[in-house]
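S.K.:
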Amino acid sequence: LVILGIETSCDDTAAAVVRSSGEILSQVVSSQADLLARYGGVAPKMAEEAHAQVIDRVVQEALDKANVKELDLSAVAVTIGPGLSLCLRGLDTGENSIDRLSNSRGIGVQKARKIAGTFNLPIVGIHHMEAHALVARLIERELQFPFMVLLISGGHNLLILACDLGQYLQLGTTIDDAIGEAYDKTAKWLGLDLRRSGGPAIEELAREGDPESVKFAVPMKQHKDCNFSYAGLKTQVRLAIESKNINAEIPISSASSEDRSSRANIAASFQRVAVLHLEERCERAIGWALEIEPSIKYFVVSGGVASNQYVRARLNQVVKKNGLELVCPPPSLCTDNGVMVAWTGIEHFRVGRFDPPPPADEAEDTIFSPVNEEAWTSS
Ligand code: ATP
Ligand code: FE
Numbered sequence: 021l022v023i024l025g026i027e028t029s030c031d032d033t034a035a036a037v038v039r040s041s042g043e044i045l046s047q048v049v050s051s052q053a054d055l056l057a058r059y060g061g062v063a064p065k066m067a068e069e070a071h072a073q074v075i076d077r078v079v080q081e082a083l084d085k086a087n088v089k090e091l092d093l094s095a096v097a098v099t100i101g102p103g104l105s106l107c108l109r110g111l112d113t114g115e116n117s118i119d120r121l122s123n124s125r126g127i128g129v130q131k132a133r134k135i136a137g138t139f140n141l142p143i144v145g146i147h148h149m150e151a152h153a154l155v156a157r158l159i160e161r162e163l164q165f166p167f168m169v170l171l172i173s174g175g176h177n178l179l180i181l182a183c184d185l186g187q188y189l190q191l192g193t194t195i196d197d198a199i200g201e202a203y204d205k206t207a208k209w210l211g212l213d214l215r216r217s218g219g220p221a222i223e224e225l226a227r228e229g230d231p232e233s234v235k236f237a238v239p240m241k242q243h244k245d246c247n248f249s250y251a252g253l254k255t256q257v258r259l260a261i262e263s264k265n266i267n268a269e270i271p272i273s274s275a276s277s278e279d280r281s282s283r284a285n286i287a288a289s290f291q292r293v294a295v296l297h298l299e300e301r302c303e304r305a306i307g308w309a310l311e312i313e314p315s316i317k318y319f320v321v322s323g324g325v326a327s328n329q330y331v332r333a334r335l336n337q338v339v340k341k342n343g344l345e346l347v348c349p350p351p352s353l354c355t356d357n358g359v360m361v362a363w364t365g366i367e368h369f370r371v372g373r374f375d376p377p378p379p380a381d382e383a384e385d386t387i388f389s390p391v392n393e394e395a396w397t398s399s
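Start counting at 1 in the sequence shown, then tack on 20, and there's your number in UniProt numbering.
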């Protein structure tokens, strides 16, 4: 099998061609870094126009690099669930996704339908968070169900027991913000360079700081469950920044050395506590999951925040201590990418979960029309 994967659910336009053997034939990502910097975050309208501008080029480049023609493809996979907070529920119904696909008018879906219609290819609708999770099976071929997953990204914080393909038990979720959102806001308030996302900027600055210098409280200590909360930590960070008179209008590159070191201390202290919260929840979730499924061997960490080296190192310790093995995709497969969509397409296609090609005439007249705003804001 050879599948083209298309991902346009947030601010990156991505496409990739992957073989069922796990071979990645191509991987192309066009990010909206300039837009991010200009608006200090993802602006849905702008993001969609940017996708529309680059989608044809990104897909063509993925095909060319893979040296594959549309007719060589077995199917086209495309993300249809952009940052849905109810996430993996509903995927286990096994229902045909054609209705959701034809209702969804996102740029990626339009492009996928056009190719599938023109070249008579089946189409596989993919849930973005499932793709973040399952790409781990491309990296670690020994990774069999059941296994555990922590998804940490811009819009989600999820602890999941992956029982089987399409069968996911949610052990915990965030009750307010996701960790990636907390990284992004902290970066913005600290005046960091937002031409890339906030996470990597904080990770880098934190290396200069003292993680014990600012005393932030670990969220939800008194709640003995596996849920997350980052809104309170964000507020603590904002107050600390105000109390140090840090001015986000002054970019860190122009800050005095004293100012720079107090920013670095806040970044390091924030990161330490943000990750401590993850560690505590993961440890409890492993206990819960092993009671349900004692055969679990692996613990997957994926989503944009999983590309952070400090996060990986800390979670590796917790996972090992509890007798499991950590699987963490390389950074380029943790942040949004087309490979995870293509691979999840392969997983579904293999078991017969796909939709028939859309009618060619309908595929021809796909038009640019905005997707529903609500679906965007949670991503
Ligand atoms: P979701 O997957 O929830 O819909 P998304 O698709 O926007 O959200 P991803 O691309 O999966 O998000 O992840 C982006 C998030 O990951 C951003 O919040 C970004 O700051 C964060 N991130 C990326 N790299 C790092 C890093 N090195 N350290 C911390 N956070 C990071
Ligand atoms: Fe994502």
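Here a beta-carbon is modelled for each residue, glycine too, at the ideal position from N, C-alpha and C.
Predicted, not measured: the structure shown is a model, and the values here were computed from it.
By DSSP's criteria, residue 169 is part of a beta bridge. Which residues make up the other side?
M.R.: Position 149 of the sequence shown, counted from the first residue, corresponds to residue 169. Answer by DSSP bridge pairing, in chain order: 180 and 320.
S.K.: How would you call residue 333, buried or exposed, if buried means at least 16 neighbouring beta carbons within 10 angstroms?
M.R.: As a first step, residue 333 must be located in the sequence shown, where it is residue number 313. The residue is exposed, with fewer than 16 neighbouring Cβ atoms inside 10 Å.
S.K.: Could you tell me how far apart the beta carbons of residue 50 and residue 31 are, in whole angstroms, since I believe they sit closer than 8 Å?
M.R.: In the sequence shown, residue 50 corresponds to position 30, counting from 1. In the sequence shown, residue 31 corresponds to position 11, counting from 1. Not confirmed; about 10 Å, so no contact.
S.K.: Is the Cβ-Cβ distance between residue 180 and residue 325 less than 7 Å?
M.R.: Locating residue 180 in the sequence shown gives position 160, counting from the first residue. Locating residue 325 in the sequence shown gives position 305, counting from the first residue. Against a cut-off of 7 Å, the Cβ pair of residue 325 and residue 180 comes out as no contact.
S.K.: Less than 7 Å separating the beta-carbons of residue 319 and residue 295?
M.R.: For this step, residue 319 is matched to residue 299 along the sequence shown. For this step, residue 295 is matched to residue 275 along the sequence shown. No; because the gap between Cβ atoms is not below 7 Å, this pair is not in contact.
S.K.: For residue 94, write down the residues that DSSP places opposite it in a beta bridge.
M.R.: Translated into positions along the sequence shown, residue 94 becomes position 74. Bridge partners of residue 94: none, in fact.
S.K.: Under the rule that 16 or more other beta-carbon atoms within 10 Å means buried, what is residue 104, buried or exposed?
M.R.: Taking the sequence shown and counting its residues from 1, the one referred to as residue 104 is at position 84. Its pLDDT being 34, under 50, residue 104 is placed unreliably by the model, and nothing is read from it.
S.K.: If you run the structure through DSSP and keep just helix, strand and coil, what is residue 104?
M.R.: As a first step, residue 104 must be located in the sequence shown, where it is residue number 84. Any answer about residue 104 is weak, because its pLDDT of 34 lies below 50 and its placement is not dependable; what the coordinates show is given next. Looking at residue 104 - three-state DSSP - the assignment turns out to be coil, as it is neither helix nor strand.
S.K.: Where does the unbroken beta strand (DSSP E) through residue 39 begin, and where does it stop?
M.R.: The residue you call residue 39 lines up with position 19 of the sequence shown. Note, residue 39: beta strand (DSSP E), 32–39.
S.K.: My guess is that residue 146 and residue 68 are in contact by the Cβ rule of under 8 Å, so how many angstroms apart are they, rounded?
M.R.: Counting from 1 along the sequence shown, the entry for residue 146 is found at position 126. Counting from 1 along the sequence shown, the entry for residue 68 is found at position 48. The pair is not a contact, with the Cβ atoms about 19 Å apart (cut-off 8 Å).
S.K.: Compare the C-alpha of residue 191 against each of 199, 175 and 169 and name the closest.
M.R.: Taking the sequence shown and counting its residues from 1, one reaches residue 191 at position 171. Checked all of 199, 175 and 169; the closest Cα to residue 191 is 169.
S.K.: Ignore the nearest five residues each way along the sequence and tell me which others in residue 225's own chain have a CB closer than 6 Å to its CB.
M.R.: By 1-based counting over the sequence shown, the position of residue 225 is 205. These residues qualify, in order along the chain: 284 and 287.
S.K.: I'd like the span of the beta strand (DSSP E) that includes residue 188, first residue to last.
M.R.: The residue you call residue 188 lines up with position 168 of the sequence shown. 187–192 is the span of the beta strand (DSSP E), which, as asked, contains residue 188.
S.K.: Can you list, in chain order, the residues of its chain whose CB lies under 7 Å from that of residue 304, leaving out five sequence neighbours each side?
M.R.: As a working mapping, residue 304 is identified with position 284 in the sequence shown. Within the same chain, residue 304 has close Cβ partners 246.
S.K.: I'd like the list of long-range same chain contacts for residue 293, defined as Cβ closer than 6 Å, with 5 residues on each side in sequence excluded.
M.R.: On the sequence shown, position 273 is the one that residue 293 refers to. 236 and 238.
S.K.: Can you list, in chain order, the residues of its chain with a C-beta nearer than 8 Å to that of residue 211? Leave out the 5 residues immediately preceding and following it.
M.R.: Taking the sequence shown and counting its residues from 1, one reaches residue 211 at position 191. Closer than 8 Å at Cβ, skipping near neighbours: 266, 267, 268, 269, 270, 271, 272, 275 and 283.
S.K.: Run through DSSP, which three-state label would residue 80 get?
M.R.: The residue you call residue 80 lines up with position 60 of the sequence shown. In the structure shown, residue 80 sits in a helix (DSSP, three-state: H, G or I).
S.K.: Quick check on residue 302: does DSSP put it in helix, strand or coil?
M.R.: For the purposes of this step, residue 302 is taken as residue 282 along the sequence shown, with counting starting at 1. Here residue 302 sits in helix by DSSP.
S.K.: Which two residues bound the contiguous alpha helix (DSSP H) that contains residue 146?
M.R.: Start at 1 with the first residue of the sequence shown, and residue 146 comes out as number 126. That residue, residue 146, is in no alpha helix (DSSP H); its beta strand (DSSP E) goes 143–147.
S.K.: Between the C-alpha atoms of residue 215 and residue 315, what's the straight-line distance to the nearest angstrom?
M.R.: Numbered from its first residue, the sequence shown carries residue 215 at position 195. Numbered from its first residue, the sequence shown carries residue 315 at position 295. Distance between the alpha carbons of residue 215 and residue 315 is about 44 Å.
S.K.: Skipping 5 residues on each side, what residues in its chain have a beta carbon closer than 7 Å to that of residue 196?
M.R.: As a position in the sequence shown, residue 196 is number 176, starting the count at 1. Counting only Cβ-Cβ distances below 7 Å, and skipping sequence neighbours, we find 249, 250 and 251.
S.K.: Take residue 241 as the anchor and find which of 299, 317 and 278 has the nearest alpha-carbon.
M.R.: Position 221 of the sequence shown, counted from the first residue, corresponds to residue 241. Of the candidates 299, 317 and 278, the one whose C-alpha sits nearest the C-alpha of residue 241 is 299.
S.K.: With a cut-off of 5 Å, give the chain-ordered residues whose Cβ is closer than this to any heavy atom of the ligand FE.
M.R.: Counting every residue whose Cβ lies closer than 5 Å to a heavy atom of the ligand FE, we get 173 and 356.
S.K.: Looking only at C-alpha atoms, which of 163, 189 and 130 sits nearest to residue 71?
M.R.: As a first step, residue 71 is located in the sequence shown; it is residue number 51 there, counting from the start. The candidate whose alpha carbon is nearest that of residue 71 is 130.
S.K.: Can you grab the Cα-Cα spacing for the pair residue 198 / residue 343, in whole Å?
M.R.: Here residue 198 is taken as the residue at index 178 of the sequence shown, counted from 1. Here residue 343 is taken as the residue at index 323 of the sequence shown, counted from 1. If I take the Cα positions, the gap works out to 27 Å.
S.K.: Give the DSSP-derived three-state secondary structure of residue 248 in the structure shown.
M.R.: Stepping through the sequence shown from its first residue, residue 248 is reached at position 228. The answer is strand: DSSP assigns residue 248 an E or B state.
S.K.: Tell me whether the beta-carbon of residue 38 lies closer than 7 Å to the beta-carbon of residue 95.
M.R.: As a first step, residue 38 must be located in the sequence shown, where it is residue number 18. As a first step, residue 95 must be located in the sequence shown, where it is residue number 75. Cβ distance not < 7 Å, so residue 38 and residue 95 don't count as in contact.
S.K.: Return the chain-ordered list of same chain residues with a C-beta closer than 6 Å to the C-beta of residue 363, the five sequence neighbours on each side being excluded.
M.R.: For the purposes of this step, residue 363 is identified with residue 343 of the sequence shown, where counting begins at 1. Same-chain partners within the cutoff: 38, 155 and 158.
S.K.: Along the beta strand (DSSP E) that carries residue 329, what are the first and last residues, could you check?
M.R.: Taking the first residue of the sequence shown as 1, we reach residue 329 at position 309. Run containing residue 329: none in the beta strand (DSSP E); it sits in the alpha helix (DSSP H), 329–341.
S.K.: Assuming residue 371 is part of the alpha helix (DSSP H), what are its boundary residues?
M.R.: The sequence position of residue 371 within the sequence shown is 351, counting from 1. Neither: residue 371 is in no alpha helix (DSSP H) and is coded neither H nor E.
S.K.: Which complete alpha helix (DSSP H) runs does the stretch 220–265 hold, if anything under 4 residues is left out?
M.R.: Fully enclosed alpha helix (DSSP H) runs of 4 or longer: 251–263.
S.K.: What does DSSP give as the partner residues of residue 99 in its beta bridges?
M.R.: Residue mapping note: residue 99 aligns to position 79 of the sequence shown, counting from 1. Note: residue 99 sits in a beta bridge opposite 146.
S.K.: Alpha carbons only, please: which of 379, 380, 372 and 151 is nearest the one belonging to residue 21?
M.R.: Counting from one through the sequence shown, the residue named residue 21 turns up at place 1. Cα-wise, what sits closest to residue 21 is 372.
S.K.: So, for residue 231: in the same chain, excluding its five sequence neighbours on each side, which residues have a beta-carbon less than 6 Å away from its beta-carbon?
M.R.: Here residue 231 refers to the residue found at position 211 when the sequence shown is read from its first residue. Taken in chain order, the residues that qualify are 288, 289 and 292.
S.K.: State buried or exposed for residue 297, treating a residue as buried only when at least 16 other CB atoms are found within 10 Å of its CB.
M.R.: For the purposes of this step, residue 297 is taken as residue 277 along the sequence shown, with counting starting at 1. Buried is the call here.
S.K.: Given 6 Å as the limit, tell me if residue 176 has its C-beta closer than that to any heavy atom belonging to the ligand ATP.
M.R.: Your numbering for residue 176 matches position 156 in the sequence shown. Residue 176: yes, Cβ under 6 Å from the ligand ATP.
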